[in-house]
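Peer 1: My structure is below; once you've seen it, I'll send some questions.
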Amino acid sequence: MYGKGILKGLSVTWKRFWDTYIEDISWLLSGKKRYFTDEGIKHRASKHTKGIFTVQYPEEQLIQPEEFRYVPFLVYDEGEEGKKEVRCTSCGICAKVCPPQCIWIVRSNDPNTGRPVPEPTEFYIDADICMNCGFCSEYCPFDAIKMDHDFDIASYERNVYGLEKLLKPASYYASIRPENYTREEEARKAKEEAKAAKAAARAAASS
Amino acid sequence: MTAPASTQTVDLVQRFPGIVTADERPGYTGFFVEKDKLVEVATVIRDEFGFDLLTAVTAVDYLAEEKMEVVYHAYKTTGGPGLVYRVQVPRVDPIEVPSLIDVYPGADLQEREAWDLFGIKFTGHPDLRRILMWEGYEGHPLRKDWQEPFFEEEAKPFKSRWPEGNHELAEEKNPFKDNLKFPQDFDPEKWVPENDEMLYESLKRYTVESEDGMNTDRIVVNMGPQHPSTHGVFRAAITLDGETITGLKPVVGYLHRNHDKIGERNTYLQNMPYTDRLDYFNSMSNNLAYAITVEKLMNIPVAERADYIRVIMAELSRIQNHLVFIGMLLNDLGAMYTPALYAFEERELILDIFEEVSGARMMCNYLRFGGVVRDLTPNILHKIKDLVFDRLPAKTDQMERLLSENEILVSRLQGVRVVDAETAIKYSVTGPVLRAAGVPYDLRRADPYSVYDRFDFDVVTRQNGDMMDNYLIRVDEIRQSLHILEQAVKQIPEGPINSQKPQYQVRVPAGEAYGRIESPKGELAFYVVSNGKPNPYRYHVRPASFVNITCLEQMCIGTKIADFVALLGMLDIVMGELDR
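Quick note, the sequences are listed as chains A and B, same order. Each step along the first sequence adds one to the number in this note's numbering, with nothing skipped, and position 146 is 810. Each step along the second sequence adds one to the number in this note's numbering, with nothing skipped, and position 69 is 63.
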């Protein structure tokens, strides 16, 4: 029959049209909210999604997976009395590996000896040039630079971030990447314990 | 492993004593051909040895040796390894090499590219104009002694970044006009762009006097560069006789950013995120092709689990690419948004997986030399299984129910010729378009890479080479990809995900490598030459889209102007890859 193919196709769109309403009503009946809730967004981004699947940005936002990466930041540990213990040692690996070369570091020198100290005097990231590849955080040996989740950075000016904008506490890092954070902390603890055990063994051997 | 087996069996030296010599530089394979006999040798290579598909033509500037080299990579459409032959000429202008356009018409655009970027004159080429840069441009950018605006240093990492890295903006250090090079006596006020004249000049060869002796003017129509159906800033200058296309010239380069030059400034690893930006629909495939090339050069193995992950990602990428292809094709044909949005829904779910595993939806940057960045967690693998076993097969069927039997679509697509097998091979067309014409040439089978030899799948072909076949072959390929994925997610072994230690500076021995994969759009290949330094000496991308549009003119001549949009859609071009 001529027109059968069209009818078949229309049945697909027709079914889909009703799917949205059926979904809405079934969510309503079960007492859950399909829109503007994390649960609803999660469902719409899962394999069970039916009917309309759009997310009403910016009122609703997709849930970012932990590995999502956008513009790096520097991690500092909170010491006593709110002292910022910057993890960065200004070794320069991130600046060397950066593909668009958007990381600029000024290394600190001890004013008395002139030797380099493991801390950056200045640290710039040109966020407009950054291509969000994540190499800096991947190859940082001190877990000092990490990729952020904050992607709303539109502005009227050039986004050149200095230290005051880049430094964020380790607790923030733990909040956006909990799994990575625990994994790294465990690795660090294991390393420190091994070091302590080694030192103890050496002390025991020498006495 | 680096030497293709058949270069030894094809004894060109014996066939052409004195004309052909074997390339004995360490790390190189193939043959040197005397410049004057190139066309003769290439004809024999094509006709006697059966290397009917010329995939890549490119050049290398050996500045220290004062030589310019043109490299040809020829393959057989029946499968198997390829043949590399090259011509070396002194690096003194004018550099002239005979054009292979009569033997392999597919060399057309690639020779123009080599002329544009290296300044090699291909004698006998009928339309040797610049292609990526504009006429009147000063210099040939890929020559080793050419420097770009905002030039800092020959190679990254730049010394100004560390340890005295006080930030400065490139444009303040080097304001506009200081950073541009003009031809002598160039005055922008009086400059008349001549490239359009040359373009229309090249179209005039299609002007024929009409039979009754009256001269009729052909109409020249410019489609694009700002046209919604050209998938980006693509322009085609078309001459028309009534509504019939009599000549067509693609005009590209509006999005050109000299990816090759950037690649030569970068270190090997730094190129990985840049490859994402080629065919931005399939960053996973681009990563794969580049990783394979550099691994060939470094001669390192790939961790087995990583190989499976790579196949999974590449096939997911192919599925979403073909889904978008179908959606966008229907968009081009006037079925606005419904099929496209249906396709995008599934694509979203696949991109969610990419995001979860790599950190970005499109610019994945997921592969490393020897493996991948991070492992697939059980959670992600579960999600992939859900898609592969439950959702995607059903949704592919739904897509077919929506479209494949639709009488309007069928009558629009059926019987409209795209390309026949012979022309497709002549013009170096690869990918689904070639297979829809009936040539079972799929690199996953013809020249297996990664772990594709472990999976059972069909190389789907169609016989008619019309638009309907080109549409249906994509649906078939989605099904085959799902079939591969089903096997891959079941067989994926446990183990390490990288055979190498993580390192930001890799050691690459001197030599060359040509790595190619079956990307969703055709053959995607990288040609990398190393001189042992941390940065590639030559980094060349052989994009599927760019080479495939060589055939666009042949496809369009004789068809109606209304078919142009659909035919261009069939080639599935992406400007990021085409213009590089």
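For glycine and all other residues, C-beta sits at the position ideal for the given N, C-alpha and C. These numbers come from a predicted model, not from an experiment.
With B:A241 and B:P530 assumed to form a contact (beta carbons below 8 angstroms), what rounded beta-carbon distance in angstroms separates them?
Peer 2: Reading off the sequence, residue 241 of chain B comes out as Gly, not Ala. Rounded, the Cβ-Cβ distance is 39 angstroms, inconsistent with contact.
Peer 1: List, in chain order, every chain A residue whose beta-carbon is nearer than 8 angstroms to that of B:F152.
Peer 2: Near B:F152 (Cβ distances below 8 angstroms), the residues of chain A are Q765.
Peer 1: Quick one: give me the first and last residue of the beta strand (DSSP E) that B:T53 is part of.
Peer 2: In the sequence as presented, Thr is not what sits at residue 53 of chain B; that position holds Ala. Counting along the chain, the beta strand (DSSP E) containing B:A53 begins and ends at L47 to Y56.
Peer 1: Using three-state DSSP, classify B:Y69 as helix, strand or coil.
Peer 2: B:Y69: strand per DSSP, three-state reduction.
Peer 1: In the DSSP output, which residue or residues are listed as bridge partners for B:K216?
Peer 2: It is worth fixing the name first, because residue 216 of chain B is Asn in this sequence and not Lys. Answer is B:A231, bridged to B:N216.
Peer 1: So is B:Y498 in contact with chain A if we call contact Cβ pairs under 8 angstroms?
Peer 2: Cβ-Cβ to chain A under 8 angstroms: yes for B:Y498.
Peer 1: When you check each C-beta in the segment 785 to 817 of chain A against every C-beta of chain B, which residues fall closer than 8 angstroms?
Peer 2: Flagged, chain order: E786, Y788, D790, M795, N796, C797, G798, F799, E802, Y803 and M811.
Peer 1: Spatial neighbours of B:M357 within its chain, please: C-beta separation below 8 angstroms, excluding the five flanking residues on both sides.
Peer 2: Within the same chain, B:M357 has close Cβ partners P267, D270, R271, Y274 and S277.
Peer 1: When DSSP builds the beta bridges, which residues end up paired with B:G534?
Peer 2: Inspection of the sequence shows that residue 534 of chain B is occupied by His rather than by Gly. In the DSSP output, where bridge partners are listed per residue, B:H534 has B:Y521.
Peer 1: Looking at B:V366 and B:N265, is the spacing between their C-beta atoms short of 8 angstroms?
Peer 2: Cβ atoms of B:N265 and B:V366: not closer than 8 angstroms.
Peer 1: Thinking C-beta only, is B:V246 closer than 8 angstroms to B:L572?
Peer 2: Yes, these two residues count as a Cβ contact at 8 angstroms.
Peer 1: For B:G100, which residues in the same chain have their Cβ closer than 6 angstroms to its Cβ, ignoring the five residues on either side in sequence?
Peer 2: So the list reads L48, Y421, S422 and T544, once near-sequence residues are dropped.
Peer 1: Run the CB neighbour count on B:F25, radius 10 Å, all protein chains shown included, and call it buried at 16 or more, exposed below.
Peer 2: B:F25 should be labelled buried.
Peer 1: Out of B:E107, B:P157, B:E147 and B:K150, which has the shortest C-alpha to C-alpha gap to B:P135?
Peer 2: Cα-wise, what sits closest to B:P135 is B:E107.
Peer 1: Determine the contact status of B:P84 and B:K61, defining contact as a CB-CB distance below 8 angstroms.
Peer 2: Going by C-beta atoms, B:P84 is nearer than 8 angstroms to B:K61.
Peer 1: Taking all protein chains shown into account, decide if B:F170 is buried (16 or more other Cβ within 10 angstroms of its Cβ) or exposed.
Peer 2: It is exposed - the Cβ of B:F170 has fewer than 16 other Cβ atoms within 10 Å.
Peer 1: Please classify A:T701: does DSSP put it in a helix, a strand, or coil?
Peer 2: Coil at A:T701, not helix or strand.
Peer 1: Counting pairs of beta carbons, one from the segment 809 to 820 of chain A and one from the segment 717 to 734 of chain A, are three or more of them closer than 8 angstroms?
Peer 2: Touching, per the Cβ criterion.
Peer 1: Among A:R708, A:I757, A:L738 and A:K672, whose alpha-carbon lies nearest the alpha-carbon of A:Y803?
Peer 2: Among A:R708, A:I757, A:L738 and A:K672, the Cα nearest to that of A:Y803 belongs to A:I757.
Peer 1: Can you give the Cα-Cα distance for B:I286 and A:M665, rounded to whole angstroms?
Peer 2: In a straight line, the C-alpha of B:I286 is about 51 angstroms away from that of A:M665.
Peer 1: Going by Cα to Cα distance, which pick from A:I705, A:K711, A:T713 and A:H712 is closest to A:P722?
Peer 2: Cα-wise, what sits closest to A:P722 is A:I705.
Peer 1: Mind checking whether B:P313 and B:E350 have CB atoms under 8 angstroms apart?
Peer 2: Reading off the sequence, residue 313 of chain B comes out as Ile, not Pro. Going by C-beta atoms, B:I313 is not nearer than 8 angstroms to B:E350.
Peer 1: Please list, in chain order, all residues of the same chain as B:S154 whose beta carbon is under 6 angstroms from its beta carbon, the five residues on each side excluded.
Peer 2: Counting only Cβ-Cβ distances below 6 angstroms, and skipping sequence neighbours, we find nothing.
Peer 1: Closest Cβ-Cβ distance between B:S352 and chain A: below 8 angstroms?
Peer 2: Yes, contact with chain A.
Peer 1: Evaluate B:I378 with the Cβ neighbour count: other Cβ atoms within 10 Å of its Cβ, from every protein chain shown; 16 or more gives buried, anything less gives exposed.
Peer 2: So B:I378 ends up on the buried side.
Peer 1: Could you tell me which chain A residues have their CB closer than 8 angstroms to the CB of B:M357, listed as they occur along the chain?
Peer 2: Simply M795, N796 and C797.
Peer 1: Rounded to a whole number of angstroms, what is the C-alpha to C-alpha distance between B:P295 and B:G76?
Peer 2: About 22 angstroms.
Peer 1: So which residues on chain A does B:I402 lean against when the C-beta distance must stay under 9 angstroms?
Peer 2: Simply G669 and I670.
Peer 1: Let me check understanding here. Comparing Cα to Cα, which of B:R385, B:D326 and B:F363 lies closest to B:R341?
Peer 2: Among B:R385, B:D326 and B:F363, the Cα nearest to that of B:R341 is on B:R385.
Peer 1: Taking 8 angstroms as the CB-CB cut-off, is A:G647 touching chain B?
Peer 2: Nothing about residue 647 of chain A can be read from this structure; chain A reaches only from 665 to 871.
Peer 1: Tell me where the beta strand (DSSP E) around B:P222 begins and ends.
Peer 2: No beta strand (DSSP E) contains B:P222, which DSSP labels as neither H nor E.
Peer 1: Excluding sequence positions up to five away, which residues of its chain have a Cβ less than 7 angstroms from the Cβ of B:D190?
Peer 2: So no residue of the chain qualifies.
Peer 1: Considering just the uninterrupted stretch of the alpha helix (DSSP H) at B:A470, what are its terminal residues?
Peer 2: For clarity, residue 470 of chain B is Asp in the given sequence; the question names Ala instead. Its alpha helix (DSSP H) spans residues M461 to Q485.
Peer 1: In terms of alpha-carbon separation, which member of B:I239, B:L6, B:N260 and B:G74 lies closest to B:A556?
Peer 2: Residue B:I239 is the option with its Cα nearest to B:A556.
Peer 1: Could you please give the first and the last residue of the uninterrupted beta strand (DSSP E) stretch that includes B:Y508?
Peer 2: First-last of the beta strand (DSSP E) with B:Y508: G505 to S513.
Peer 1: Which residue from B:Q474, B:T71 and B:V64 puts its Cα closest to that of B:D46?
Peer 2: Among B:Q474, B:T71 and B:V64, the Cα nearest to that of B:D46 is on B:T71.
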